[in-house]
Amino acid sequence: DGGITQSPKYLFRKEGQNVTLSCEQNLNHDAMYWYRQDPGQGLRLIYYSQIVNDFQKGDIAEGYSVSREKKESFPLTVTSAQKNPTAFYLCASSIAVAGAAGELFFGEGSRLTVL
Amino acid sequence: SQELEQSPQSLIVQEGKNLTINCTSSKTLYGLYWYKQKYGEGLIFLMMLQKGGEEKSHEKITAKLDEKKQQSSLHITASQPSHAGIYLCGAAGRYNAGNMLTFGGGTRLMVKP
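Chains as they are written, first to last, in the working numbering: chain A, 457 to 571; chain B, 213 to 325.
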């Protein structure tokens with residue numbers, strides 16, 4: 457079945473450590489996205505990528521980094537520069553159509569807790 | 213940037229009751245998406261509205277788009293415990309790169325059996 461897989465589902469890290477969250481999709485989608493969700497709040501866009509080897513900053517990119525070396529993969533690294541990294545992270549993908557909007561398909565999320 | 217405000221922020225209803233959730237945009241809507249999220253999980257797509265006055269239904273959930281008011285409403289008829297979760301609206305701006313969506317803060321729905 458086609459879909460988006462995020463791993464790990466739960467992750468704990470110590471302050472000062474970098475951590476990488478994995479996101480893989482087999483939907484053949486061009487566009488991929490990373491959102492952050494804090495308790496009681498909506499989703500905020502961290503980074504997005506419309507095509508391989510290209511990505512753009514979203515609203516809250518500081519302290520995060522991404523790569524898009526393969527169409528199906530869009531890993532997110534939460535660096536030690538991120539001041540408040542404890543959150544629920546959601547990866548999504550979609551068919552990228554210029555100037556139009558379509559449905560986003562979401563993974564199950566990764567919950568990061570900084571100890 | 214576009215902002216979406218959802219109301220109410222949380223809602224507790226008795227099973228069988230009807231309810232409405234609203235999503236208001238600070239800018240013109242060019243596409244409005246409704247998603248449902250179970251606590252600690254990903255988002256499930258419910259429906260998308262693009263044209264003013266458009267109305268879509270799926271099972272007991274109906275969504276409407278009032279383009280002039282820059283607002284969408286989600287109505288659930290005869291609510292059931294399975295409807296519990298977080299409902300989020302997402303909007304696409306006219307010049308959004310790709311399919312990037314801006315999301316509202318969500319409405320937390322609890323249905324009491």
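Backbone N, C-alpha and C fix where the C-beta goes; we use that ideal spot for every residue, glycine too.
- Chain-ordered, the chain B residues with CB closer than 8 Å to the CB of Gly-565 of chain A read Gly-252, Glu-253 and Gly-254.
- Listed along chain A are Gly-498 and Leu-499, each with a C-beta nearer than 9 Å to that of Leu-300 of chain B.
- DSSP places Met-322 of chain B in the uninterrupted beta strand (DSSP E) bounded by 319-324.
- When DSSP reads this structure, Gln-218 of chain B sits in a beta bridge with B:Cys-235.
- Excluding its 5 nearest sequence neighbours in each direction, Val-225 of chain B has C-beta neighbours in its own chain below 8 Å: Leu-231, Ser-291, Leu-321, Met-322, Val-323 and Lys-324, listed in chain order.
- Unbroken alpha helix (DSSP H) runs of no fewer than 4 residues, entirely contained in the segment 230-299 of chain B, are not found.
- Between Gln-481 of chain A and Glu-525 of chain A, the gap from beta carbon to beta carbon reaches 8 Å or more.
- At least one beta carbon of chain B lies nearer than 8 Å to the beta carbon of Glu-559 of chain A.
- Across the structure, Gly-264 of chain B and Thr-569 of chain A are spaced so that their CA atoms are roughly 42 Å apart.
- Contact between the segment 542-550 of chain A and the segment 484-495 of chain A is established, with three or more Cβ pairs separated by less than 8 Å.
- Leu-216 of chain B and Ser-284 of chain B have their C-alpha atoms some 10 Å from each other.
- Beta-bridge partners of Leu-546 of chain A (DSSP): A:Tyr-491.
- Residue contact with chain B for Leu-546 of chain A: present (Cβ-Cβ distance below 8 Å to some residue of chain B).
- For Lys-465 of chain A, there is no enclosing beta strand (DSSP E), as DSSP marks it with neither H nor E.
- At least 8 Å separates the CB of Phe-511 of chain A from every CB of chain B.
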